[in-house]
Amino acid sequence: MAVNQAKQITPEWIDIGPLASIPRQGARVVRAAFGDIAVFRTAGDEVFALRDRCPHKGGPLSQGIVHGRRVACPLHDWKVHLDTGLAVAPDEGCAARFPLRVEGGRVFLSLTPDEGCPDR
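One point on numbering: in the UniProt record's numbering, the residue at position 39 of the sequence shown is 39, and numbering is uninterrupted.
Given below as structure tokens:
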């Protein structure tokens with residue numbers, strides 16, 4: 001897992017590097033002033049960003065196992081949907097998600113979380 005310091009390019013979006021720097025079925029961490037953000041890459045090259053904190057006990061989601069469009073927390077094996085940040089039922093909770101875009105093979109991350117998750 002790589003750790004990346006956020007490089008601000010605009011007030012809303014930061015360039016976190018090439019897509020290839022995020023391991024398939026893995027994550028890298030972007031450090032932000034308000035806390036860490038985990039950026040995940042699936043086997044199909046989809047990318048997602050969640051607050052790097054499991055809604056259960058705060059475990060580091062970036063250290064979990066990515067399978068499909070979910071990540072398993074390394075502490076207690078809670079599963080979290082990468083696309084929504086919601087815990088997989090019957091568990092409940094949410095990890096804030098952050099918008100991403102890929103342009104020219106580079107990944108851009110918004111430091112403003114999406115609405116809808118109380119974990120902000």
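Note that CB positions come from ideal geometry on N, CA and C, so glycine has one too. Note that the coordinates shown come from a computational prediction; the quantities given were computed from them, not determined experimentally.
Practice problem: Starting from the C-beta of Gly-100, find all residues in its chain whose C-beta is less than 8 Å away, skip the five residues before and the five after it, and write them out in chain order. | Solution: Looking at the sequence itself, residue 100 is Leu, so the reference to Gly does not match. Hits under 8 Å: Val-39, Val-47, Phe-48, Ala-49, Val-107, Phe-108, Leu-109, Ser-110.
Quiz item: Just the Cα atoms here: how many angstroms apart are Ala-33 and Trp-78?
Solution: Spanning the two alpha carbons is a distance of roughly 26 Å.
Exercise. Measure from the alpha carbon of Ala-96 to the alpha carbon of each residue in Val-80, Asp-15, Gly-104, then state which is nearest.
Key: Val-80
Quiz prompt | Beta-carbon gap between Val-66 and Thr-42 smaller than 8 Å | solution = Val-66 is a Cβ neighbour of Thr-42, given a cutoff of 8 Å.
Quiz item: How long is the line joining the alpha carbons of Ile-37 and Asp-52, rounded to whole angstroms?
Solution: About 5 Å.
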